[in-house]
Structure formats: structure tokens, C-alpha cells
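Colleague: Residue numbers (this note's numbering): -1 to 194.
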Amino acid sequence: MQLLIGSKNPGKLIEISEALSGLSITCMDPRSVGIEEDPEETGKTFSENALQKARFYHERSGLPTLADDSGIIVEALQAELGIHTRRWGAGPKASDQEWIEYFLKRMRGEKNKRARFVCVLAHIDEHGKEHLFEGTCDGMITDTLEADYLPGLPISACFKPDGYDCVYSAMKIEQKNSTSHRGRAIEKFRRYLEAP
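Structure representation (C-alpha cells):
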């Protein structure tokens, strides 16, 4: 089966493709099927945004599509991030480096470092039916970057999941995919695909 991954974020494409390896799926990115434009993200929830993206890419490609909307909820920053994570703070055009520098500067001096990553995957199957899969992961924000990060995923270098001694981006991709919010959502998606 061909599956269009509705994202141009290189880090997400790597993680999702790796997590789906071993299945009879050929993962494709939007550019490989000639889609250059980007969907709007006007939803008020992760689910609404994920569905908007999935519908956008499915309508343009006609392929089964999997789209992701994810973000981080940081207790000290209340509702500032969430669905606005990537567009927050340094601005939607900010580089990964600019974004993470702004984020760490805002977190400096905050005593409460608790955070929760949320991922919702929206899948539109070959019949046009919509499915949602959600994963979460709780943890702490570190004071500094503790590892390099994949392009498009800068916060992975300063988020340490509960029960682990290292940040997301210091983990091998298999370990991160079994632990992370996105990995947990993808595992639900895999189980759906493998169900009789």
C-alpha cells in the first residue's frame, strides 16, 4: 500500500517512516507526489488540525494519507504552546535554532519544568474513511540542549520523558518511537493496520 505522509517536516517523516518499517507500506512525502502547497491549520484542537492536514493531502493526491498534529503543553507557560507550538514565540518562519533559543530563554527561571507532548494522527483510508490515533508522553524540560536534534524537532533535545535519563533526541530512533507521543500514536495506527 502507498501511504502519503502529510508533512514536510523532515524529522517527522523520518520518525513515521521508521516506525512503520516492516509493514507492506511505501511511505511517500508530499513533494514526491507533486504537492508543494501547505494546508492551513485553523483548528482549535490537535485532532482538528490533523484532520485538516489529512483531508488537504488526501484530496490532492487521492492516496491513503496519514497526517500528524503535535505539540507540547508546558505547565509553566499554560496555554501558550499546545496547537501553536511551532508557530509560537519566535514566529512561524523561525529556524529550529531561533525557536529553541527563544523557548529556552522563556523557560529560564521557571521552577515548574513539567510538560506533556501530544500527537494526534489522522488517517484517511483508501475508502475515504477518517480515523484518529492519539499518543501522549509526560516529562520535564531540561535547562539546556542535551543532544543534537533532527531537523524540525528542536524541542526533542531538551525534553526528558518520565522514567528516562536522557532527552528524546539522545535516544536511538527505535527507543524514541516506543516511548514518544508520536511513537505511541503510531503504535495504535499499526495495530489498526494489522487488525484482521
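For every residue, glycine included, the Cβ atom is placed at its ideal position computed from N, Cα and C.
For L130 versus V118, is the C-beta spacing smaller than 8 Å?
Modeller: Note that the C-beta distance between L130 and V118 is below 8 Å.
Colleague: How many Å lie between E13 and M169 at the Cα?
Modeller: When rounded, the separation of the alpha-carbon atoms in E13 and M169 is 12 Å.
Colleague: For N110, which residues of its own chain have a beta-carbon under 7 Å away from its beta-carbon, when the five flanking residues on both sides are left out?
Modeller: E73, A74
Colleague: Using the rule of at least 16 other Cβ atoms within 10 Å of the residue's Cβ for burial, across every protein chain shown, is T24 buried or exposed?
Modeller: exposed
Colleague: Can you tell me whether D66 is buried or exposed? The criterion is at least 16 other CB atoms within 10 Å of its CB, across all chains shown.
Modeller: buried
Colleague: Per DSSP, what kind of secondary structure is R112 in: helix, strand or coil?
Modeller: For R112, the secondary structure class from DSSP, reduced to helix, strand or coil, is strand.
Colleague: Look at the Cβ atom of E57, then the Cβ atom of Q50, and state whether they are nearer than 8 Å.
Modeller: Contact check for E57 against Q50 fails: the beta carbons are separated by 8 Å or more.
Colleague: Taking 8 Å as the threshold (C-beta atoms), are D163 and A155 in contact?
Modeller: no
Colleague: According to DSSP, is I23 helix, strand or coil?
Modeller: coil
Colleague: By the 10 Å Cβ neighbour count, where 16 or more other Cβ atoms means buried, how is P90 classified, buried or exposed?
Modeller: exposed
Colleague: Quick check on DSSP: helix, strand or coil for K158?
Modeller: In this structure, DSSP gives K158 an extended state, which the three-state scheme calls strand.
Colleague: Tell me whether the stretch 91 to 111 and the stretch 29 to 38 touch, counting them as touching only if at least three CB pairs, one residue from each stretch, are closer than 8 Å.
Modeller: no
Colleague: Taking a contact to mean a Cβ-Cβ separation below 8 Å, would you say G9 touches L151 in this structure?
Modeller: Yes, the pair counts as a contact, with Cβ atoms nearer than the cut-off.
Colleague: Can you have a look at S178 and say buried or exposed, based on whether 16 or more other CB atoms are within 10 angstroms of its CB?
Modeller: buried
Colleague: Could you please give me the residues that DSSP links to G69 through a beta bridge?
Modeller: DSSP lists V116 as partners of G69.
Colleague: Below 8 Å between beta carbons: does that hold for A183 and G137?
Modeller: Inclusion of A183 and G137 in the CB contact set at 8 Å is not warranted, their separation being larger than that value.
Colleague: Grab me the residues of N175's own chain with a C-beta within less than 6 Å of its C-beta, minus the 5 sequence neighbours each way, in chain order.
Modeller: A17, G181
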